[in-house]
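> Going by my numbering, 1576 is the number at position 135 of the sequence shown; the sequence numbering is gapless. Backbone N, C-alpha and C fix where the C-beta goes; we use that ideal spot for every residue, glycine too. Below are the structure tokens for one structure; questions will follow.
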Amino acid sequence: MTHDGLKQYVKRVQYRPWLGTQRSSKTMSLRPIKEKQFEILRGWRNKQKDILRQDHELTAEEQKKYAENYIDHHLDEHPEQILFGVNINRSFVAYGGFTHINWEEGSAEISYLRNPKDRKRQEYLHNYTIEWLTFLRV
């Protein structure tokens, strides 16, 4: 096995146990995004276009195609992104993960988006954002 092959194997071993499973602490859990949650995410994204690289309102059809593509490929050996739903006290409040993954370079962007209605709990969620990032440490 070449050095690059070993490097990729180590990365695969580190993230693959996360896929299809749940990680949790006392009040927070990360779990795979359910198919029905993608429509909720479309609403969150459309309400927060100003902080995203999104130049138009996503349609239900666009979101459906995105969800189908994600679901079809998130268990691939080298997916383009790895996403999780974030639940606090069993309530779906955010999602995020690794996007724009470059397996050859060993890099990715960290993505995180909260429910825009949870602004009243902003400080509370900020604390869990830090915990969420700790969960994602690989």
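Ordered along the chain, which non-local residues of its own chain (more than five positions away) have a Cβ less than 7 angstroms from that of LYS1546?
It should be pointed out that residue 1546 corresponds to Glu in this sequence rather than to Lys. Excluding sequence neighbours, GLU1546 sits near nothing in its chain.
> By alpha-carbon positions, which one of GLU1521, LEU1516, ARG1555, GLN1522 ends up nearest to PHE1533?
With distances taken between Cα atoms, PHE1533 lies closest to ARG1555.
> Can you give me the Cβ contacts of TRP1485 inside the same chain, cut-off strictly under 7 angstroms, excluding the 5 residues immediately before and after it?
Excluding residues within five positions, the ones whose Cβ falls inside 7 angstroms are LEU1554, ASN1556, PRO1557.
> Apply the 10 Å Cβ neighbour rule to ARG1531 and answer buried if 16 or more other Cβ atoms are within range, or exposed otherwise.
Exposed, because fewer than 16 other Cβ atoms sit within 10 Å of the Cβ of ARG1531.
> Does ARG1555 come out as helix, strand or coil in the three-state DSSP assignment?
Looking at ARG1555 - three-state DSSP - the assignment turns out to be strand.
> To the nearest angstrom, how far is the alpha carbon of ASP1559 from that of LEU1493?
Rounded to whole angstroms, ASP1559 to LEU1493 spans 18 angstroms at the Cα level.
> With distances taken from CA atoms, which of THR1468, ASN1528, LYS1475 is nearest ASP1513?
Residue LYS1475 is the option with its Cα nearest to ASP1513.
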